[in-house]
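Q:
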Amino acid sequence: MKKLSFIHSLMAVLLMTASFTACEDDETSNEQTKEESTAHYDLTCTVGKYGGMSKTETHITLSTASLSNPDTLISFDGNGVEITDYTIESIYDDEFMYQVPSSKDRFSKLQLKDNQITAVQEQKFDQNTYAPRNYTHAWLNKNTLLIMSTDDAHTKVIWTKLNTTDMSIIAEGTVAGIQVAEGYNVLSTSGLLAYRKSDNKLFYFYNNKGVTSGSNKSTNEPFFRIAVINPESMEVEQEIINKEAAQMQGSAYGELLQDFIFFDKDDNLYLTAFNSVSKKYYGCLLRIKKGEYDFEEGYNAFPGTKGKILTIQYLGGNKALVYSGDNTVGTGIQDVAYYYSVVDLNAKTATRLQYNGEDLPYSAGSFSQRSVYNAKENKAYFGISNDTENRIYIYDVATGSVTKGAQLASGIYFDQIRFFEK
Numbered sequence: 014m015k016k017l018s019f020i021h022s023l024m025a026v027l028l029m030t031a032s033f034t035a036c037e038d039d040e041t042s043n044e045q046t047k048e049e050s051t052a053h054y055d056l057t058c059t060v061g062k063y064g065g066m067s068k069t070e071t072h073i074t075l076s077t078a079s080l081s082n083p084d085t086l087i088s089f090d091g092n093g094v095e096i097t098d099y100t101i102e103s104i105y106d107d108e109f110m111y112q113v114p115s116s117k118d119r120f121s122k123l124q125l126k127d128n129q130i131t132a133v134q135e136q137k138f139d140q141n142t143y144a145p146r147n148y149t150h151a152w153l154n155k156n157t158l159l160i161m162s163t164d165d166a167h168t169k170v171i172w173t174k175l176n177t178t179d180m181s182i183i184a185e186g187t188v189a190g191i192q193v194a195e196g197y198n199v200l201s202t203s204g205l206l207a208y209r210k211s212d213n214k215l216f217y218f219y220n221n222k223g224v225t226s227g228s229n230k231s232t233n234e235p236f237f238r239i240a241v242i243n244p245e246s247m248e249v250e251q252e253i254i255n256k257e258a259a260q261m262q263g264s265a266y267g268e269l270l271q272d273f274i275f276f277d278k279d280d281n282l283y284l285t286a287f288n289s290v291s292k293k294y295y296g297c298l299l300r301i302k303k304g305e306y307d308f309e310e311g312y313n314a315f316p317g318t319k320g321k322i323l324t325i326q327y328l329g330g331n332k333a334l335v336y337s338g339d340n341t342v343g344t345g346i347q348d349v350a351y352y353y354s355v356v357d358l359n360a361k362t363a364t365r366l367q368y369n370g371e372d373l374p375y376s377a378g379s380f381s382q383r384s385v386y387n388a389k390e391n392k393a394y395f396g397i398s399n400d401t402e403n404r405i406y407i408y409d410v411a412t413g414s415v416t417k418g419a420q421l422a423s424g425i426y427f428d429q430i431r432f433f434e435k
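Counting the sequence shown from 1 gives a position; our numbering is that position plus 13.
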């Protein structure tokens, strides 16, 4: 991959509306400052045009404590450090990032802090090897991270469990019970993985594919599969060919760049997927209910879709924020063809977000994770970029209102927004 720039710079604040009274208690003020300093947003952007999974775009990253002031202009003025050894595709927790770097030989635990990206700990590959950007993952508990992918030949699914406290390898091997189906010759590169805590089950979503020798062209089986796996033995307990959708989102690169899976408060699993109609893709939001193993028949929480679902965040209260495309406008990364909706998971309705009574404008950039949910504030922050606007908007979950947030400087385009609480 071409050099990816992770550049920290100080945020330029043009106008600040907050004020403090003379009688404010010093201790309270210190506590507020300390609380604010423990949370921040990392923005990763491209320069010149929308990038996403592109191998040729330069990426820059900025940390800021707030995105809420509409009079704030976020710019990149050259301060910071250039890092060449890592990719923008990572696994995140409250404080750190985890990834297979461009060296292709290790797992890295990283942190963006003090205008530098620091390798906190790294672990060389042992038995199993992984490629940057091409793997999926699940957290089995706070400190146990499971990495999965297909092997180099894409005919077996390999796994590695890491203790993220010290990045040591707990165990690794090959998933027992997954093999290429008759009539096909490879498995999807990464697949998608989720862990259901209520009954201690792993759900691995994948396709069988037919690839012509010497060609990048492939044919997927008509419906993707669900492998239910025991996380202790890593053996498949049952395999299901779903009947609700042809393919799931992000099967080549897991959830390293975009979010496709979540669990609600009742431990129901939701997955974004899509079907093809007249050579165009239309997204759907499927559900596996707690205690069940296959998708709920006929359930689609995002009806009337205009195109693919690109990202999704659970907002609590049976609501989710969806970033999706409109095929009638365009399907390319640079096309201004993508929009935001709030989905009611119970009513199975999708409502396009509005500002001042009008639909928010379409945005360009399909391969991106430009939205994030801050549970403490109960607000979602999301970016819109088009020919006339380059700004953060804020959705207040409790009130349903949308307000303007910070602006991005000209020539900088959203790729990722991530929220860290420590």
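Cβ atoms here follow ideal geometry from the backbone N, Cα and C, with glycine treated the same way.
(1) Just curious, the beta strand (DSSP E) that G223 is in, first and last residue?
(2) Would you mind listing the beta strand (DSSP E) stretches within the segment 305 to 334 that are 3+ residues and don't spill past its ends, in chain order?
(3) Between the C-alpha atoms of A388 and K278, what's the straight-line distance to the nearest angstrom?
(4) Since D372 sits in a beta bridge, which residues does DSSP pair it with?
(5) According to DSSP, what are the bridge partners of I274?
(6) Straight-line CA distance for Q45 to D127?
(7) Where in the segment 49 to 127 do unbroken runs of the beta strand (DSSP E), each at least 3 residues long, occur, reported from the N-terminal end onward?
(8) Taking 7 Å as the limit between beta carbons, can you name the residues of its chain near Y197, skipping five residues before and five after?
(9) Please state whether DSSP places E234 in a helix, a strand or coil.
(10) Use the C-beta contact count for Q140: other C-beta atoms within 10 angstroms, 16 or more gives buried, fewer gives exposed.
(11) By DSSP's criteria, F427 is part of a beta bridge. Which residues make up the other side?
(12) For I325, which option in E305, S381, Q347, T168 has the closest C-alpha, if you only look at C-alpha atoms?
(13) Which same chain residues, not among the five before or five after T178, have their C-beta less than 7 Å away from its C-beta?
(14) Got a sec, what are the start and stop residues for the beta strand (DSSP E) Y131 sits in?
(15) Sorted by chain position, which residues of the same chain lie with C-beta nearer than 6 Å to Y148's C-beta, five sequence neighbours on each side aside?
(16) Do Y306 and V385 have their CB atoms nearer than 7 Å?
(17) Span of the beta strand (DSSP E) holding Y143?
(18) Count the other C-beta atoms from every protein chain shown that fall within 10 angstroms of the C-beta of P114, then say buried if there are 16 or more, exposed otherwise.
(19) I'd like the span of the beta strand (DSSP E) that includes I405, first residue to last.
(20) If Y375 sits next to N399, beta carbons under 8 Å apart, how far is it from one beta carbon to the other, in whole angstroms?
(21) With a cut-off of 7 Å, does the C-beta of W172 fall near any C-beta of chain B?
(22) How many angstroms separate the CA atom of T142 from the CA atom of D164?
(23) Looking only at its chain, what residues have a beta carbon closer than 6 Å to the beta carbon of I405, apart from the 5 residues adjacent to it on each side?
(24) If I'm right that Y295 touches S264 with Cβ under 8 Å, what's the distance once you round it to whole angstroms?
(25) Just the Cα atoms here: how many angstroms apart are N255 and E371?
(26) Which residues bound the beta strand (DSSP E) around F380?
(27) Roughly how many angstroms lie between the CA atoms of L153 and T401, to the nearest whole one?
(28) Please name the residue in P244, Q251, E245, A259 whose C-alpha comes closest to that of T232.
(29) So, using beta-carbon positions, are L175 and L158 closer together than 7 Å?
(30) Considering only their Cβ atoms, is the gap separating Y327 from C58 smaller than 7 Å?
(31) Roughly how many whole angstroms lie between the Cα atoms of H150 and V188?
(32) With burial defined as no fewer than 16 other Cβ atoms inside 10 Å of the residue's Cβ, what is the status of I322: buried or exposed?
(33) Locate the beta strand (DSSP E) running through S398, then write down its first and last residues.
(34) As a quick exercise: from G329, A286, P316, K292, pick the residue whose alpha carbon is nearest that of F308.
(35) Beta strand (DSSP E) containing N154: first to last residue?
(36) Would I346 and Y63 be called neighbours here (beta carbons separated by less than 7 Å)?
A: Let's see:
(1) On the sequence shown, position 210 is the one that residue 223 refers to. First-last of the beta strand (DSSP E) with G223: 221 to 224.
(2) 322 to 329
(3) Counting from 1 along the sequence shown, the entry for residue 388 is found at position 375. Counting from 1 along the sequence shown, the entry for residue 278 is found at position 265. For A388 and K278, the distance between alpha carbons rounds to 13 Å.
(4) By one-based count along the sequence shown, residue 372 stands at place 359. BP columns for D372 point to Q367.
(5) Translated into positions along the sequence shown, residue 274 becomes position 261. Per DSSP, L284.
(6) Locating residue 45 in the sequence shown gives position 32, where the first residue counts as 1. Locating residue 127 in the sequence shown gives position 114, where the first residue counts as 1. Below a pLDDT of 50, predicted positions are generally treated as unreliable, and Q45, at 44, falls in that range; the measurement from the model is reported next regardless. C-alpha separation (whole angstroms): 21 Å.
(7) You should have 53 to 60, 72 to 77, 85 to 87, 110 to 112, 119 to 126.
(8) Along the sequence shown, one-based indexing puts residue 197 at 184. Cβ within range, chain order: N221, K222, G223, E234.
(9) Here residue 234 refers to the residue found at position 221 when the sequence shown is read from its first residue. If DSSP states are grouped into helix, strand and coil, E234 belongs with coil.
(10) Within the sequence shown, residue 140 is the residue found at index 127, counting from 1. That one is exposed.
(11) Taking the sequence shown and counting its residues from 1, one reaches residue 427 at position 414. Answer by DSSP bridge pairing, in chain order: C58.
(12) Within the sequence shown, numbered from 1, the residue matching residue 325 stands at position 312. That would be S381, whose Cα lies nearest to the Cα of I325.
(13) Locating residue 178 in the sequence shown gives position 165, counting from the first residue. Excluding positions up to five away in sequence, the list reads N156.
(14) Position 118 of the sequence shown holds residue 131. Before going further, note that residue 131 is Thr rather than Tyr in the sequence given. Start and end: 129 to 137.
(15) In the sequence shown, residue 148 corresponds to position 135, counting from 1. Within the same chain, I160, S162, S203, G267 come within 6 Å of Y148 by CB-CB distance, once the 5 residues on both sides are set aside.
(16) Counted from its first residue, the sequence shown places residue 306 at position 293. Counted from its first residue, the sequence shown places residue 385 at position 372. No. Outside cutoff.
(17) Locating residue 143 in the sequence shown gives position 130, where the first residue counts as 1. Careful: Y143 lies outside any beta strand (DSSP E) and carries neither H nor E.
(18) In the sequence shown, residue 114 corresponds to position 101, counting from 1. Classification for P114: buried.
(19) Numbered from 1 along the sequence shown, position 392 holds the residue referred to as residue 405. I405 -> beta strand (DSSP E) spans 403 to 409.
(20) Position 362 of the sequence shown holds residue 375. Position 386 of the sequence shown holds residue 399. Yes, they are in contact, since the Cβ atoms of Y375 and N399 sit about 6 Å apart, within 8 Å.
(21) Protein chain content of the structure displayed is limited to a single chain, and chain B is not contained in it.
(22) Within the sequence shown, the letter at position 129 stands for residue 142. Within the sequence shown, the letter at position 151 stands for residue 164. Rounded to whole angstroms, T142 to D164 spans 8 Å at the Cα level.
(23) For the purposes of this step, residue 405 is taken as the residue at position 392 of the sequence shown. Around I405: L80, Y394, G396, G418, A419.
(24) For the purposes of this step, residue 295 is taken as the residue at position 282 of the sequence shown. For the purposes of this step, residue 264 is taken as the residue at position 251 of the sequence shown. With 8 Å as the limit, Y295 and S264 do not qualify as a contact, their Cβ atoms being about 17 Å apart.
(25) Here residue 255 refers to the residue found at position 242 when the sequence shown is read from its first residue. Here residue 371 refers to the residue found at position 358 when the sequence shown is read from its first residue. N255 and E371: Cα-Cα distance of roughly 38 Å.
(26) As a first step, residue 380 must be located in the sequence shown, where it is residue number 367. Element bounds for F380: n/a, residue is neither H nor E.
(27) Walking along the sequence shown from the start, residue 153 turns up at place 140. Walking along the sequence shown from the start, residue 401 turns up at place 388. Approximately 44 Å, taken between the alpha carbons.
(28) Position 219 of the sequence shown, counting from 1, holds the residue named residue 232. The candidate whose alpha carbon is nearest that of T232 is A259.
(29) Numbered from 1 along the sequence shown, position 162 holds the residue referred to as residue 175. Numbered from 1 along the sequence shown, position 145 holds the residue referred to as residue 158. Contact flag set, yes.
(30) Counted from its first residue, the sequence shown places residue 58 at position 45. Counted from its first residue, the sequence shown places residue 327 at position 314. Not in contact: C58 and Y327 (Cβ atoms no closer than 7 Å).
(31) Counting from 1 along the sequence shown, the entry for residue 150 is found at position 137. Counting from 1 along the sequence shown, the entry for residue 188 is found at position 175. Rounded to whole angstroms, H150 to V188 spans 14 Å at the Cα level.
(32) The residue labelled residue 322 in the question sits at position 309 within the sequence shown. Buried, because 16 or more other Cβ atoms sit within 10 Å of the Cβ of I322.
(33) As a working note, residue 398 is residue 385 in the sequence shown. First-last of the beta strand (DSSP E) with S398: 392 to 398.
(34) As a working note, residue 308 is residue 295 in the sequence shown. When only C-alpha atoms are compared, the closest one is A286.
(35) Locating residue 154 in the sequence shown gives position 141, counting from the first residue. Start and end: 149 to 154.
(36) Stepping through the sequence shown from its first residue, residue 346 is reached at position 333. Stepping through the sequence shown from its first residue, residue 63 is reached at position 50. A contact, by the Cβ cut-off of 7 Å.
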